[in-house]
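Quick note: the sequence shown uses the working numbering, first residue 34, plus one each step. Structure record follows, encoded as structure tokens.
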Amino acid sequence: MDRAGLILLATLAVTLLGPCAHITDASYIHKAPNNLPVKESEKTESYMTSLCSPAAALPASSVHALRPADIAVVSTMGIPHSHGSLLEQAEDLALSFSNRQARETDRDWGLVLLFVPVDSVCACSQQARTQVESAVKEVEVALEVLLKKLHHSLVHVVVWSGLSDVPSHQDRSCLCMEEKAKQRLQRAVSTRALQESLDSVLRRQRRLSEREDFAVLLHASPVVTDPESFSSDTIQLILQLWTNLLQPMTGQTEVKDNDINSISCPTDEQPFLRTQLNSPSPHQERSSTNSREASPLIDPIMGSELPCTDRSPSPTVPTSVHELQPGDIKVVAALGDSLTAANGVGAKDPNNLLLVMNEYRGLSWSIGGDHNLTTVTTLPNILKEFNPLLTGFSTGIGNEDSPKAFLNQAVPGATSSDMTTQARVLIDKMKNDSRVDFQNDWKLITMFIGGNDLCDFCTDSVYFSANNVVGRIREALDILHREVPRALVNLAELLHIVPLRQLHQDKSINCPTWFVNIVCPCVVKPNEGSRELQSLQDMNRAYQSKMRELVDTGRYDTHDNFTVVLQPFLREVYLPLLEDGRPDRSFFSPDCFHLSEKAHRLMASGIWNNMVEPVGNKTFSQDFSAGVPLQCPSKTIPFLRTAHNSNYTYQGPPPSPPPITNWGSDFSCVNTAPSETVPTSVHRLKPGDIKVVAAVGDSLTAAFGAKAKNLLQLRTENRGVAWSIGGDETLQTVTTLPNILKKFNPNIQGMSKGDGKGQTGFNLAVSGAKISGIPGQIKNLIDAMKKNSAVDFQNDWKLVTLFIGGNDLCQYCNDRATLSPKNYSSHMMASLDLLYNEVPRVMVNVLGILEIIGLRRVKRDSLGCNLLQKNVCPCFIQPGEDSMELSEIKRINRELQTETENLIHSGRYDSREDFTVVLQPFFKNSVVPVNTEGKPDNTYFSVDCFHFSARGHADMAVALWNNMLEPVGQKQTYNNFTNDRNSIKCPTEEQPYIFTNINSLPAVPTTTTTTTTTTIQTPSTSTPLNPTCSDNVPVWAAAGLAVTGLLIGWGLTWVLLSCKEKRNRRKVKMVEEREMKGTGF
């Protein structure tokens, strides 16, 4: 994280906690006699004090009666990159406290926040115990030092999960954590293991809380953050820490993403900071509530009765999949995620989260083969009643590579993108195992996937869109269709996952919601009635719908020895309830997310019943409370039902959309009025206030060949359709940024029109330009604006868009010294300095250089593509795959992006009220749009397969506009090219301004004095930055949590810097796999 990131974090802390908070990067802060926080040995900085309440009249005599206002010192330990071990930090802290008390008073109370990062623990079964014991021992030793040397101190121990998304083991010993698909579940289990171990140790060490002037308390639940969501999770972390400090550990309120609307305050009934003596023990609470928990996870009866009397196979081996009887199945196999790997299914202890790591594959609903149907209900055990020689099923406990897994190739944490790999591994195993006659045996393959995609969809709505997820499922099914003979594939429709949220809304069930927040954040975190929850519902249904559409195309019924049948038994799921109306936890494993054997039994029954039900008339809802009795094949049609033997007519692919005649957009915004008076601050700038548009750059801004149909037209600059500055026609037919702005101000000046330079306006872009030419373009722009009589240079608000760097990158290998990232940054700085020093009232959009690697995939069998593409961008197009040259140019691409980010976020251009530079990052992770066949969509590119066509310019314009209406820190960092006419975002009454670095910050708190809750206005550009303060929030809250926020920022800074390269590599790989559909998402 750069300096701007730290400033943002500190400002967030001040904004949430009051303007009297003093931000410092010291390891601890204390209050001066006037009760304002100051940095050790530094002069206090003066702030408004309206939010601060006076200190307690009488100092606390006991740590168990300690009020927030009694705290004079706040310190942290365990933050990453802190100097020394926890023991050394404890020694240093004790010395600092001792020196301070000697200078001032020994009655000052101190608060120590001791963070225990989960990322130091490996979750591999053979390593977890040692790692956890080591971490706990280190905490014990540090606490012993604090106990001996500190007085008047309260120590809160916090288990912290989410410092990084990769393990910190430099010796590479944590091999299981290298498997990306399993990392999330393993991190959750590691968190639980560390939390429980610390809890056990601290409960035994009673002397840590026996003194009246010293106490230790472990927060009842870990603090969980997502390293990918810096801004939102930092706010959440600060609020969660504050809540944990004040509230009783019993029934502790969990802070969710959208819960920043309130800050809890001490009450008359609960005025103290919490200790073990003045609040119930979490362990005691668990013991007292065990009697109220749901029924045990293990049901003594897990078998089923099969009423079928005719269990014989066909008289001869059938040659058609549509004449396949259950007894004809010789081989079973399965692909999927943890629900097929059966994580936690056999767990006997409902409170032992570590058991969720066990893969009870022998109990898996679709592929398990432990025991027989009388004791274990699984699909293979049902089929074994028809064919005792069935093979392929999994047994026992183990991962996908264990011999017992056999053809159960499901991997915990897998998403749709893993299905092709699993399919190929499965095919290899079937071909090479002597138990399988690959050519002649009839095979039943069950695929169940999509849950983890849904768990992640809120992190990347494009990559995890329904089209893309089902597109990846299609690729895997295509492989099976192409390579596997004699197979019936069950595609289990994704379950309706939203009802599972009920388990985490009833706190009496004691479900570990924090655990599921790690495993499946997008499902559990949204609040009831929120837009995020509605998006989850819509996406869940979209996944289901697209799966049905895929099978309904009939693409897998091209020959008689293969078919795919959609089994919809989980489309509607009703959560089983107890007699008292609470969710029945016995259907779930200890994490209240994965399913127990009781549920697997019903799923096995459900898919079996679907298999013998005709297509078009299959059961699509399950009430687990009612049970699912097994059905039998029809006596008249004894086959496993397919579309063909069900006389089902496929719906076919959806009709083709009408031909597109233009690349315009529809406009639905209603708040289009300018400000009542011309704003004096760029941070209060509405779209309608912009009077002048301008642009500098290269051929992409000059619209080189945007409308070209052949090579002769390629060199024409179609500036009227240029994405950031073109003004041809209207928005209904040509989508450009100025045409959008004309909806807010029809008299906007500066746009370019037509072809060539006849009506270039303030489009100063030059085809072939590099960054070194931008200062010259800006000088020409300034002169042009000053000379234009239609422009009031001093008073008109101007919007300048700068997009450059493609030619620097494409030619880098020919002149590394001149085109280095440092020189790029220097020229960028010189360009922005010119605007900053000479142009009043201006907002500058800077686009980071696009990620060019995807353009290597754009191919077309034409002279323009085959010849010109390599010449236009030789350094990116010509290197071979996996070559050192390609690796180097990809690294330079990222460095150019980073140099731009660092410059803009440095604060260099934040001193003027009428000037700002905003990075618009939609091209940071560039995605090549693809057509319905999964190939790059050439209609987005000109005849040289490099420059964008008019269609590409239209989507660039929408992406830029939408970035402008997204807060800094929450801007979309990839292009979503869909040509959806309805994708233009609108300003709102609450957020009417174009977002800048300043107005993207949360508004300052406003409070009421009649309650114990301080209400926070969510980020809003319409709220004045003037606080109204309440004395309900004490000075300690401002000081303590402000420094907490900064120290969290310190830790996250280290994490983000150390993981940046690895995360970039992961994003590059993920982006290369993305599929973008031109028909919309």
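Heads up, the beta-carbon is just placed ideally off N, CA and C, and yes, glycines get one too.
Asked: Would you kindly work out how many angstroms separate the C-alpha atoms of N1059 and S194, rounded to a whole number?; Found: Reliability fails at N1059, whose pLDDT of 35 lies under 50, so the model's placement of it is uncertain and no value is given.
Asked: For A221 and V234, I'd like the C-alpha separation in whole angstroms.; Found: 20 Å
Asked: Between the stretch 813-827 and the stretch 763-773, do at least 3 Cβ pairs fall closer than 8 Å?; Found: no
Asked: By how many angstroms is the C-alpha of I925 removed from the C-alpha of E229?; Found: 46 Å
Asked: What three-state label does DSSP hand A374 in the structure shown?; Found: helix
Asked: Using only CA atoms, which one of I104, S732, L91 lies nearest to H986?; Found: S732
Asked: Quick check on L144: does DSSP put it in helix, strand or coil?; Found: strand
Asked: Can at least three beta-carbon pairs, one atom from the stretch 410-419 and one from the stretch 617-637, be found at a separation below 8 Å?; Found: yes
Asked: Give the DSSP-derived three-state secondary structure of E934 in the structure shown.; Found: helix
Asked: I need the DSSP call for I512, collapsed to helix, strand or coil.; Found: helix
Asked: Among all the DSSP beta bridges, which residues are the ones paired with W193?; Found: P150, V256
Asked: What alpha helix (DSSP H) runs, 4 residues minimum, are completely inside the stretch 886-948?; Found: 902-905, 907-910, 917-937
Asked: Rank L396, A248, N473, V961 by C-alpha distance to the C-alpha of T349 and give the top, closest one.; Found: N473
Asked: Please report the straight-line C-alpha distance between D493 and N501, rounded to a whole angstrom.; Found: 11 Å
Asked: How many whole angstroms separate the CB atoms of T713 and D947, which I take to be in contact at a CB cut-off of 8 Å?; Found: 7 Å
Asked: Check V503 in the structure and name its three-state DSSP category.; Found: helix
Asked: Go through the stretch 752-793 residue by residue and report every complete run of the alpha helix (DSSP H) that reaches 4 residues or more, in order.; Found: 770-774
Asked: Looking at the unbroken beta strand (DSSP E) that takes in F548, where does it start and where does it end?; Found: Unbroken run through F548 is the alpha helix (DSSP H), 546-552; no beta strand (DSSP E).
Asked: Please report the Cβ distance between E508 and T453, rounded to the nearest whole angstrom; I am assuming they are in contact, meaning their Cβ atoms lie under 8 Å.; Found: 5 Å
Asked: With which residues is M876 paired in a DSSP beta bridge?; Found: L832, T949
Asked: Among S895, E934, I886, T931, which has the Cα closest to the Cα of Q911?; Found: I886
Asked: Which stretch, first to last residue, makes up the alpha helix (DSSP H) that contains G839?; Found: 839-843
Asked: Kindly give me the distance between the Cβ atoms of K1004 and Q953, rounded to whole angstroms, as I take these residues to be in contact under 8 Å.; Found: 7 Å
Asked: Are the CB atoms of R394 and G446 nearer to each other than 8 Å?; Found: no
Asked: So what does A727 bridge to, in DSSP terms?; Found: V833
Asked: From N964 to T749, what distance separates their C-alpha atoms?; Found: 27 Å
Asked: Could you give the first and the last residue of the continuous beta strand (DSSP E) run that contains T734?; Found: That residue, T734, is in no beta strand (DSSP E); its alpha helix (DSSP H) goes 732-735.
Asked: Note down the Cα distance separating T57 from A105, rounded to an integer number of angstroms.; Found: Confidence at T57 is low in this model, with a pLDDT of 32, below 50, so the placement of that residue should be treated as unreliable; the coordinate-derived value is given next. If you take the alpha carbons of T57 and A105, they lie about 15 Å apart.
Asked: Can you tell which of S805, E1022, E1023, N1030 has the C-alpha that lies nearest to the C-alpha of G1002?; Found: N1030
Asked: Tell me which residue opens and which closes the alpha helix (DSSP H) that W641 is part of.; Found: 630-644
Asked: How many angstroms separate the CA atom of A93 from the CA atom of L99?; Found: 6 Å
Asked: Given a cut-off of 8 Å on the beta-carbon distance, is the pair V557 and H529 in contact?; Found: no
Asked: Is the beta carbon of N958 closer than 8 Å to that of E884?; Found: yes
Asked: Using C-beta distances below 6 Å, list every residue in its chain close to K363, excluding the 5 sequence neighbours before and after it, in chain order.; Found: D474, W475
Asked: Buried or exposed for T308, going by 16 or more other Cβ atoms inside 10 Å?; Found: buried
Asked: Between the stretch 371-381 and the stretch 618-632, are three or more C-beta pairs nearer than 8 Å?; Found: yes
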